[in-house]
Amino acid sequence: MRTWASLILACLAILLLAACGGTSSAVSTDCTASMEYIEDVTIPDNTVIKPGEKFVKTWRVKNDGTCPWDGYRLTLVQGDAMTDANQPVPKVQPGEEVELSIPMTAPADAGSYAASWQMETRAAEGFGQLIVSIQVEP
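For the sequence shown, the working numbering assigns the number 1444 to the last residue and increments by one with no breaks.
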């Protein structure tokens, strides 16, 4: 009985924390994770690519937060997966710019494809947004 009561109280505490907008990492950190998009370095929006062609999408971004990006990753949050859903990011200090690249493969079928990527902290908190948008034509 005591085990069930403890489990129920723990679940209620987690639900209350989520409902109030708090996270465990927000309590343990004094910095802000943030990313500024600067430019597409490769594969501008609507670039025409052949079916099955391999390409590398590169964005220039700036760590405009106060947290160093250490152990962060880019995560696919929406759209067409043209590669693995999680991509590691190099360590970047606040104020630094970096080029982030992801190797991808165009889908086999002709059409318009797009994907939205988000930076993610070690605590799985997402921020920022990067887009890849291609046209696949034979």
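The beta-carbon is built from N, C-alpha and C at its ideal position, and this holds for glycine as well. Computed from a prediction, not measured in an experiment: that's the story for all the values here.
| Asked | Found |
| --- | --- |
| Taking only the alpha-carbon atoms, compute the straight-line gap between Thr1427 and Ala1339 and give it to the nearest angstrom. | 8 angstroms |
| Could you please give the first and the last residue of the uninterrupted beta strand (DSSP E) stretch that includes Ile1355? | Thr1353 to Ile1355 |
| Less than 8 angstroms between the C-beta atoms of Ile1349 and Ile1440, yes or no? | yes |
| Below 6 angstroms CB to CB, which residues in the same chain sit around Glu1402 once its five sequence neighbours on both sides are set aside? | Asn1369 |
| Just to check my reading of the structure: Ala1420 and Asp1386 have Cβ atoms closer than 8 angstroms, yes? What is that Cβ distance to the nearest angstrom? | 6 angstroms |
| Opposite Lys1360 in the DSSP bridges: which residues? | Thr1411 |
| Identify, in the order they occur along the chain, each residue of the same chain with its Cβ nearer than 6 angstroms to the Cβ of Thr1381, setting aside the five sequence neighbours on each side. | Asn1392, Gln1424 and Glu1426 |
| How would you call Gly1434, buried or exposed, if buried means at least 16 neighbouring beta carbons within 10 angstroms? | buried |
| Between the beta-carbon of Ile1344 and the beta-carbon of Val1367, is there less than 8 angstroms? | yes |
| Out of curiosity, what's the CA-to-CA distance linking Thr1353 and Gln1384? | 19 angstroms |
| State the start and end residues of the unbroken beta strand (DSSP E) segment that holds Ala1430. | Ala1430 -> no beta strand (DSSP E), and no H or E assigned at all. |
| From which residue to which residue does the beta strand (DSSP E) around Val1398 run? | Here Val1398 belongs to no beta strand (DSSP E), and DSSP marks it neither H nor E. |
| DSSP has Thr1381 in a bridge; who is on the other side? | Asn1392 and Gln1424 |
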